[in-house]
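Q: Mind looking over this structure? Questions follow.
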Amino acid sequence: MWPGRKTNRTHTDSETPQRLRKIAIVGLPNTGKSQVFNNLTGEYALVANYPLTTVETKRARCGIDGETYEVIDTPGLHCLYIHSEEELIVRDLIFSEKPDLIVQCIDANRLKQSLTLTADLLELQIPLVISLNAIDETARKGIWIDSEGLSRLLSIPVVESVAVDGIGTDELKAAITRARTGKIALRYGDIVEDGISTIASVLPQDIGFERKAAVLLLLNDRFLVERIRADYGQAKADQLTEQVNKIRRQFRANLARVLNDKRSGWIDQTVDKVTRKQKIQPGRFSEAFGRLCRHPVFGVPILLAVVCVVFLLVVNVANAIAGWMDAALWVPVESRINEFVPSGFWHDFLIGDYGILSLGLANAFLTILPILTVFFFAFNILEDIGYMPNLCVLTKRLFEKIGLRGSAIMSIMLAFGCKTMATLTTKNLGSRKEKYISVYLIAFALPCAAQMALNMSILGRLGIGAFVIVFAVLSSVWISVGLILNRLLTDDNKSAFLQELPAIRLPNPKAVIVKTYYRLLWFIKEAVPVFIYAAVILFVVDKVGILDGTKNILKPVVNGMLGLPLQMVDALILTMARHEAAAGMIIKLVEKGQLNYVQCIVSVVITTMFVPCFANIMAMIKELGTTRAVIGVIIINCTAVFVAAVVNWVLVFASKQ
Amino acid sequence: MNHKRVKDEHIERLYYMKEEQKDSVDALNVAMGEGFDAGIIEELDADDVVELSQQQTRIRLTEKGADYASKLIRAHRLAERLLYDVLGGDFESGACEFEHTVAHELVDSICILLGHPRLCPHGMPIPQGACCKKSARMVQSSVIPLAELEIAQSAKVAYVNCKSDQQLHKIDSLCIRPGAIVTLHQRYPTYVIECEGSNIAMDEQIASSICVWRGPSQPKSVDKAGPADRLRTHL
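Below is the structure:
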């Protein structure tokens, strides 16, 4: 019935004699699921203080008390009645794989919100453990949660934890070994209960979770009906739909409201029994800071200050580190090679213009790595604070103008971290128009974290003026494209904007350092080989003579239209492999004095816009289909060349005046 | 009839007996007729709403009980006036149900609308409310969209108007539901509210579809601004 179940069964039968016990970690968005996953398994899934950090499930093994479990990290889920595609992934996972155990992560600050999901999970009759996270924060706020009382009420283990510090992990492991199915005293009244049993009796035999499935059908869950149609045939689906309609007609009142009210009643009672609030609550600095960040007047200077600080850090600190590393590590190597390897093929292969050491390793480790280290460190602090989602509020009106009204805004904010991940989050958008606009806008002229770091570093060599010019150009291109797309695409169902904002937190130093470490590790694993291959390929095409030929063909465009030296062709080719590699080459050209002020600006504009990275293109294909994605990429590339040419003409004209 | 209703009926009857200066349990028994329930009297005693004499023959409302009763009577008699003066109908049968179902927030509005009547159509006094003491003249709708709250004002959610069940579930999952206390933090560039400890950004359409009770929702805010302050007062 559910996707993947059959394959899953054969998989477990053939590969492991004994079925691995599965633990699914579920919870509301931004409740520390990935952190708990990391703590349990020793793996590293990216964590941040905002929703949508995890868009796909991640699995790893974990040994507890001599038994091996498969632990599954999942995207956020509000309740089993589905709001988005992403939540559907989680529900399908629970229904199809029938995990042996569920760990629900609850942010202790938002206990009430989480209990909706708890009520749903308890109805599944799967053993449940609650990990009550961020318990240190509630204590500071003057809220006391009786976790033992909660445990007694639900008859399941409830573990207090501070997941970022790894506190409570051992207790959670112990709780997992004694997990059991909980009890819930939630009944919906005679008419509804009768309806539930009637529908449950008509349900296909092997569907599992009869009660919950029946409730979901009563609520007109279209995903579930579709699934039944696909797996058990039209007749079964029709029979169920007819039965549901009969009961709904009998009931007359709005069933969704009645069920929600009953559940809310249960939740309110439960929360009242287990929480105590201090009468006087301490004033919270972080809360006040969050409000200032969103404030229409104070928010803007705060944003500018944040950008300025990051810019100065990247320009001064990173460039200083890079300079020092170059002198300490590269210069000796280079001089040694010059000494021992006579100029010729091998010399060029190692440290020539396209040398495997110079353009490959040194470029990656000595030029790019220091920049990324400093930038990611600063950026991870901002992520840990939870600053970015607050910009949703500040930029709401702007986004409305370009046709983005709903949660697409959050996707765009995430793109400043990673464009690929942000593209994947657009699958949750209800409106097709918003989905297209946001996927294109994410790919268009918007620098991801790494690109932003490199741009800052390159432009920082010319002063803040260049940085301002480039970002003015990029933003105006971006907004114009948004305005055009908004005109071109017709409105379908207008989506509403409803976004929970994460609480502002003081950054946790350990979390920031660990995350910076992993981001750099991923860069080294993924990008460095690409740097080396790209160097080898360039070296070969250069030796064969194709490179010069290509340069001659492209001369009218590169030299004529863009006013760039021909060496920039190398950088543009590298851009296709990896944006960081191109940036490294531009930095070298700037240092050698081969790019002037205007050329430098034009180079940054074109490399930021030119060919979105490979992963981003794959994500676009996944969300839009191949044709639309390819057309999009072609348009983006043409626009990149055109805009860069215009910038060149304008700046050259302006400098002559 | 539900349990609370039966209790309320007893309390109301005791209030009438107080007006008539009677306090014997027998009198209550006679007045209540078939509705009399000795179990309820015990419960009311346990709840500290009534006090009984040592021989259990005399009964009267405690201060807490009298306070609660006067609220019920006020709603009942105001309803009588409303039906009698404004609608000209059979006031007694309608008003009987009224005090059990009406929200307290609405009673003041009816009182203001009617110009703070002192007596019910039977000529019995109507207990005064806070609005009478302030002689409020203007009625404002008791339920307003969240979008119309003042910045930093808190209110209790009355109901949520939704386009679809889908949206209802989404709003509900953020704990924005009848009875929840919400605080409006920001209106521009978009709405930001706080509900159950979390901040939620929303657009105008959603902020307008969430309807809240005007007036104080927490004892804390009563001190700062009473309900009548928000009704435009006139002395």
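These protein sequence lines are chains D and Y, in that order.
According to our numbering, the stretch in the first sequence is residues 1105 to 1761, in order.
According to our numbering, the stretch in the second sequence is residues 135 to 369, in order.
From the three backbone atoms N, C-alpha and C, an ideal C-beta is built for every residue, glycine too.
1) Would residue 1516 (chain D) pass as an interface residue toward chain Y - the criterion being a Cβ-Cβ separation below 9 Å?
2) Considering only DSSP beta bridges, list what residue 336 (chain Y) is partnered with.
3) Buried or exposed: which applies to residue 362 (chain Y), given that a residue is buried once 16 or more other Cβ atoms fall within 10 Å of its Cβ?
4) Using DSSP with H/G/I as helix, E/B as strand and the rest coil, what is residue 193 (chain Y)?
5) Since residue 1335 (chain D) sits in a beta bridge, which residues does DSSP pair it with?
6) Residues of chain D with CB under 7 Å from residue 339 (chain Y), in chain order?
7) I'd like the list of long-range same chain contacts for residue 342 (chain Y), defined as Cβ closer than 6 Å, with 5 residues on each side in sequence excluded.
8) Of all the residues that make up the segment 1355-1366 of chain D, which are near chain Y by a beta-carbon distance shorter than 9 Å?
9) Within the 9 Å Cβ cut-off, does residue 333 (chain Y) reach chain D?
10) Would you say residue 345 (chain Y) lies against chain D (beta-carbon separation less than 9 Å)?
11) Can you find a CB in chain Y that lies within less than 9 Å of the CB of residue 1376 (chain D)?
12) Residues of the segment 1332-1345 of chain D with a CB closer than 7 Å to any CB of chain Y: list them in chain order, please.
13) Curious, which full-length alpha helix (DSSP H) runs of at least 4 residues does the segment 1113-1195 of chain D contain?
14) Of the residues that make up the segment 1293-1305 of chain D, which ones have a beta carbon closer than 7 Å to any beta carbon in chain Y?
15) Between D:1557, D:1588, D:1389 and D:1525, which lies nearest to residue 1150 (chain D) when the distance is taken from Cα to Cα?
16) Specify whether the segment 1618-1629 of chain D and the segment 1456-1465 of chain D touch according to this definition: at least 3 beta carbon pairs, one from each stretch, less than 8 Å apart.
17) So does residue 1554 (chain D) have its beta carbon nearer than 8 Å to some heavy atom of the ligand GDP?
18) Using the beta-carbon of each residue, which ones in chain Y are nearer than 8 Å to residue 1185 (chain D)?
19) Round the Cβ separation of residue 1359 (chain D) and residue 1323 (chain D) to the nearest angstrom and send it over; I've been treating them as touching at under 8 Å.
20) To the nearest whole angstrom, what separates the beta carbons of residue 1510 (chain D) and residue 1533 (chain D), a pair I think is in contact under 8 Å?
21) If I follow the unbroken alpha helix (DSSP H) through residue 1496 (chain D), where does it start and stop?
22) Taking the alpha-carbon positions, what's the residue 1473 (chain D) to residue 1624 (chain D) distance?
23) Applying the criterion that 16 or more other CB atoms from any shown protein chain within 10 Å of the CB defines a buried residue, is residue 1688 (chain D) buried or exposed?
24) According to DSSP, is residue 1284 (chain D) helix, strand or coil?
25) Quick one, which of D:1685, D:1614 and D:1527 has its alpha-carbon nearest residue 1156 (chain D)'s?
26) How many angstroms separate the CA atom of residue 1438 (chain D) from the CA atom of residue 1454 (chain D)?
27) Could you list the residues in the segment 1319-1333 of chain D with a C-beta less than 8 Å from some C-beta on chain Y, going in chain order?
28) Sorted by chain position, which residues of the same chain lie with C-beta nearer than 6 Å to residue 1109 (chain D)'s C-beta, five sequence neighbours on each side aside?
29) Could you check if residue 1626 (chain D) is buried or exposed, using at least 16 other CB atoms within 10 Å of its CB as the buried criterion?
30) Residue 1604 (chain D) versus chain Y: which residues are under 9 Å apart at the beta carbon?
31) For a contact meaning CB atoms closer than 7 Å, what does residue 323 (chain Y) contact in chain D?
32) Rank Y:203, Y:211, Y:293 and Y:308 by C-alpha distance to the C-alpha of residue 251 (chain Y) and give the top, closest one.
33) What residues in the segment 1534-1549 of chain D have a beta carbon less than 8 Å from any beta carbon of chain Y?
34) Cβ closer than 9 Å: which chain D residues qualify as neighbours of residue 287 (chain Y)?
35) Find out if the Cβ-Cβ distance for the pair residue 194 (chain Y), residue 157 (chain Y) is shorter than 9 Å.
36) So, are the CB atoms of residue 1559 (chain D) and residue 1712 (chain D) less than 9 Å apart?
A: Taking the structure as given:
1) Between residue 1516 (chain D) and chain Y, the shortest Cβ-Cβ separation is not below 9 Å.
2) Residue 336 (chain Y) pairs with D:1602 and Y:325.
3) Annotation note: pLDDT 36 at residue 362 (chain Y) (below 50); position unreliable, coordinate value reported separately. Residue 362 (chain Y) comes out buried.
4) When secondary structure is reduced to three states using DSSP, residue 193 (chain Y) falls in the strand class.
5) For residue 1335 (chain D), which the question treats as bridged, DSSP gives no partner whatsoever.
6) Counting only Cβ-Cβ distances below 7 Å, residue 339 (chain Y) has contacts in chain D at 1600, in chain order.
7) Cβ within range, chain order: 279 and 281.
8) Using a CB distance below 9 Å, the part of the segment 1355-1366 of chain D facing chain Y consists of 1358, 1359, 1360, 1361, 1364 and 1365, ordered along the chain.
9) Cβ-Cβ to chain D under 9 Å: yes for residue 333 (chain Y).
10) Residue 345 (chain Y) does not count as touching chain D.
11) Residue 1376 (chain D) does not count as touching chain Y.
12) Within the segment 1332-1345 of chain D, no residue places its CB atom closer than 7 Å to a CB of chain Y.
13) Restricted to the segment 1113-1195 of chain D, the alpha helix (DSSP H) segments that are unbroken, complete and at least 4 residues in length are 1137-1145, listed in chain order.
14) Correct list: empty, as no residue qualifies.
15) Looking at the Cα atoms, D:1525 is the closest of the given residues.
16) Counting C-beta pairs with one atom in each stretch, the segment 1618-1629 of chain D and the segment 1456-1465 of chain D have fewer than three that are closer than 8 Å, which means they do not touch.
17) The model depicted lacks the ligand GDP and carries no ligand whatsoever.
18) Here the neighbours are 303.
19) Yes, they are in contact, since the Cβ atoms of residue 1359 (chain D) and residue 1323 (chain D) sit about 7 Å apart, within 8 Å.
20) Under the criterion of beta carbons closer than 8 Å, residue 1510 (chain D) and residue 1533 (chain D) qualify as touching, at roughly 7 Å.
21) Where residue 1496 (chain D) is concerned, the enclosing alpha helix (DSSP H) stretches over 1495-1498.
22) Counting only the Cα atoms, residue 1624 (chain D) lies some 8 Å from residue 1473 (chain D).
23) The residue in question, residue 1688 (chain D), is buried, as its Cβ has 16 or more Cβ neighbours within 10 Å.
24) Correct three-state label for residue 1284 (chain D): strand.
25) In terms of Cα proximity to residue 1156 (chain D), the closest of D:1685, D:1614 and D:1527 is D:1527.
26) The straight-line gap from Cα to Cα measures roughly 9 Å.
27) So the list reads 1323 and 1324, given in the order they occur along the chain.
28) Confidence at residue 1109 (chain D) is low in this model, with a pLDDT of 40, below 50, so the placement of that residue is unreliable and no value is reported for it.
29) Exposed, by the Cβ-count rule.
30) Result: 308, 332, 333, 334 and 335.
31) Within chain D, the residues near residue 323 (chain Y) are 1400, 1497, 1498, 1500 and 1501.
32) If we check each option's Cα against that of residue 251 (chain Y), Y:211 comes out closest.
33) Look at the segment 1534-1549 of chain D: it has no residue with a C-beta under 8 Å from a C-beta of chain Y.
34) Simply none; closest approach about 15 Å.
35) In this structure, the beta-carbon distance from residue 194 (chain Y) to residue 157 (chain Y) falls below 9 Å.
36) Taking the C-beta atoms as reference points, residue 1712 (chain D) is found nearer than 9 Å to residue 1559 (chain D).
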